[in-house]
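Counting from 1, one number per residue, gives the positions in the sequence shown under UniProt numbering. Idealized CB from N, CA, C, for every residue including glycine. Since this is a predicted model, take the numbers as computed values, not measurements.
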Amino acid sequence: MGDNSFNYEAELAKLHTELVHLQEWVKSQKLKVVIIFEGRDASGKGGTIKRFTEPLNPRVCKVVALGIPTEREKTQWYFQRYVQYLPAAGEIVLFDRSWYNRAGVEKVMGFCTEEEYNEFLRSCPEFERMLVRSDIILLKYWFSVSDEEQEKRFKNRIKNPVKRWKFSPMDLESRSRWLEYSKAKDTMFAHTDTKQVPWYVVNADNKKRARLNCISHVLDQIPYKPMNLTPIELPELPDYKSYVRPPMKYQTFVPEKY
Numbered sequence: 001m002g003d004n005s006f007n008y009e010a011e012l013a014k015l016h017t018e019l020v021h022l023q024e025w026v027k028s029q030k031l032k033v034v035i036i037f038e039g040r041d042a043s044g045k046g047g048t049i050k051r052f053t054e055p056l057n058p059r060v061c062k063v064v065a066l067g068i069p070t071e072r073e074k075t076q077w078y079f080q081r082y083v084q085y086l087p088a089a090g091e092i093v094l095f096d097r098s099w100y101n102r103a104g105v106e107k108v109m110g111f112c113t114e115e116e117y118n119e120f121l122r123s124c125p126e127f128e129r130m131l132v133r134s135d136i137i138l139l140k141y142w143f144s145v146s147d148e149e150q151e152k153r154f155k156n157r158i159k160n161p162v163k164r165w166k167f168s169p170m171d172l173e174s175r176s177r178w179l180e181y182s183k184a185k186d187t188m189f190a191h192t193d194t195k196q197v198p199w200y201v202v203n204a205d206n207k208k209r210a211r212l213n214c215i216s217h218v219l220d221q222i223p224y225k226p227m228n229l230t231p232i233e234l235p236e237l238p239d240y241k242s243y244v245r246p247p248m249k250y251q252t253f254v255p256e257k258y
């Protein structure tokens, strides 16, 4: 099926409407939703997250993308730095990479010990079951991209000055350690693809289809009802003619270059 077989913008607009209904349902029912986005570098996670959050209230739907842990955080219980970002009632939290860093980049790049890695594989399923028992809706998505498509996207990032910031020395390492990352992903799935909290794999070689499929799947996983929006009438402006405003020349305006 080719790219021209569907209207991407029209389908995205439909899903955005449903996402707003989901948001209002989460608020009204005081649900707690966590969605994890993992996958290869340049697999399209960020683009999907951007389209997911685009129509939503940032006070309700929040994105968590943590950087390198501080020296203090390195001494904490591993899951501790992530727990503080878990949602309260009526919130949706999207993790742009998550505690699964330990099973991926930390394992492959040697940023954790073998003992820490094995402990993560043991404790992660129980940690996630604990979240579910605490009434958190937890969804996990793995964006799968072929090595050919990843190479094409990396080259595009290198050439495009607007996207160059997305490319890091770690991306070069990930290319040279493709096999190690594959093994780490397979081991991670073997331990953490559980019945209570399964992994959902998104075929991400086509970015637009991946975005639509992932958003649609999220909507299918969380039962919600379309909200009846209360009609809003704009009030009339009050009489302000008696108020004399300062001259506009006293204000500094942005030059109108366009």
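| Query | Result |
| --- | --- |
| Where K241 falls: helix, strand or coil (DSSP) | coil |
| One or two residues paired with K32 in a DSSP bridge | E91 and I136 |
| In DSSP terms, what S144 is bridged to | N203 |
| Per-residue burial, Q221 [other beta carbons within 10 Å of its own, 16 or more giving buried] | exposed |
| Under the three-state DSSP convention, the category F37 falls into | strand |
| Paired residues, beta bridge with K62 - DSSP | V93 |
| Rounded distance between the beta-carbons of L94 and F37, thought under 8 Å | 7 Å |
| Cβ contact (3+ pairs, closer than 8 Å) linking the segment 143–154 and the segment 38–46 | yes |
| Neighbour-count burial assignment, K207, 16 or more Cβ in a 10 Å radius | buried |
| Local Cβ density within 10 Å of M248, reported as buried at 16 or more and exposed below that | exposed |
| Three-state secondary structure (DSSP) of M1 | Confidence at M1 is low in this model, with a pLDDT of 41, below 50, so its placement is unreliable and no value can be given for it. |
| Top-ranked residue by Cα proximity to V132, from P198, R81, A190 and W165 | P198 |
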